[in-house]
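One structure is given below, encoded as structure tokens.
Number of protein chains: 2
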Amino acid sequence: MGITKTQIFTEQQNDLAQFFKVLGHPARVAILQYISNQNACICNDLVEEIGLAQATISQHLKELKSIGLLIGEVEGKSMCYCINVNRWVELQNQLNAFFNKTKSNCC
Amino acid sequence: MGITKTQIFTEQQNDLAQFFKVLGHPARVAILQYISNQNACICNDLVEEIGLAQATISQHLKELKSIGLLIGEVEGKSMCYCINVNRWVELQNQLNAFFNKTKSNCC
DNA sequence: TTATTATATTGCAATATTACGATATTAAAA
DNA sequence: TTTTAATATCGTAATATTGCAATATAATAA
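Quick note, the sequences are listed as chains H and B, same order. Quick note on full-length UniProt numbering: the first sequence kicks off at 1 and runs consecutively. Quick note on full-length UniProt numbering: the second sequence kicks off at 1 and runs consecutively.
Pasting the structure below:
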């Protein structure tokens with residue numbers, strides 16, 4: 001069948017999982033790290049930097065945008081991507097809430 | 001082509017992504033939450049609780065074990081799964097390190 | 001206007017994931 | 001020993017993801 005049965009889970013569970021899923025690819029981790037290492041917004045040095053085709057990078061950027069982690073701004077004929085710090089902190093908090101709540105009492 | 005090009009990323013990036021990936025499914029989030037809500041180690045009430053086939057649950061448990069988050073102990077003819085608290089905290093720290101390091105200076 | 005350059009989108013092939021029925025496997029119970 | 005119950009593994013169908021070439025789009029440069 002292959003379809004994730006989202007209907008049987010809570011919205012919170014689906015959202016959390018979706019967020020983890022987007023971060024669950026090394027290219028997307030690398031993109032976030034690279035953007036954060038630049039002092040200014042970078043554009044698509046990413047293609048050269050990461051070593052994947054332009055179409056592939058564009059796709060990964062789209063997924064990062066889909067959970068609100070990246071903001072893209074048009075700058076002439078190129079795009080300036082940067083991290084959405086508010087969303088970033090929000091997700092980190094959400095994630096820590098999950099980790100802290102999910103504590104085991106057994107074994 | 002469909003293969004993730006792990007060779008072009010660092011081990012740290014691959015490990016982090018792998019960890020996120022495993023948590024990136026609502027069933028696995030739900031499993032962890034359910035286990036943590038029980039005062040004692042639970043076994044496979046999970047099948048009834050979550051609403052997926054036994055084979056599917058078993059598969060998800062295997063993935064959670066693969067990153068060290070779960071420990072399984074034989075208990076008669078059933079299995080007692082519980083969260084590996086040390087690993088849990090370790091992953092939470094790793095994750096926070098990633099979030100804290102990856103801070104944007106731009107926009 | 002016609003390049004040129006940067007990025008996004010489309011279409012597709014290769015591979016991975018999800019889910020489940022069927023079938024082991026293992027341990028207690030009868 | 002045979003049955004029963006709990007879990008794991010195998011095989012497979014449906015779907016999703018990854019990656020790229022080709023193409024579209026949009027903005028500046030010539």
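We put the CB at the ideal spot given by N, CA and C, even for glycine.
Excluding the 5 residues preceding and the 5 following residue i in the sequence, name in chain order all residues of the same chain whose CB lies nearer than 8 Å to its CB.
i	result
B:Ile-31	Leu-46, Ile-50, Ile-57, His-60, Leu-61 and Leu-64
H:Ala-27	Ile-50, Leu-52, Thr-56, Ile-57 and His-60
H:Ser-36	Ile-83
Can you name the start and end residues of the beta strand (DSSP E) that residue i belongs to?
i	result
B:Ile-71	70–75
H:Ile-83	78–83
Tell me where the alpha helix (DSSP H) around residue i begins and ends.
i	result
B:Gln-54	54–66
H:Asp-15	11–23
H:Asn-37	26–37
Our contact map puts residue i next to residue j with C-beta atoms below 8 Å; I'd like the distance itself, whole angstroms only.
i	j	result
B:Gly-72	B:Met-79	5 Å
B:Ala-17	H:Val-29	5 Å
B:Leu-70	H:Leu-95	That belief does not hold up - the Cβ atoms of B:Leu-70 and H:Leu-95 are roughly 19 Å apart, past 8 Å.
In whole angstroms, what is the alpha-carbon distance linking residue i and residue j?
i	j	result
B:Phe-20	H:Thr-4	17 Å
H:Tyr-81	H:Ile-8	36 Å
B:Thr-102	B:Glu-90	18 Å
B:Gln-38	H:Ile-42	47 Å
State buried or exposed for residue i, treating a residue as buried only when at least 16 other CB atoms are found within 10 Å of its CB.
i	result
B:Gly-76	exposed
B:Gln-54	exposed
Within the same chain, show all residues whose beta-carbon is closer than 6 Å to that of residue i, passing over the 5 residues directly before and after it, in chain order.
i	result
H:Gln-92	none
H:His-25	none
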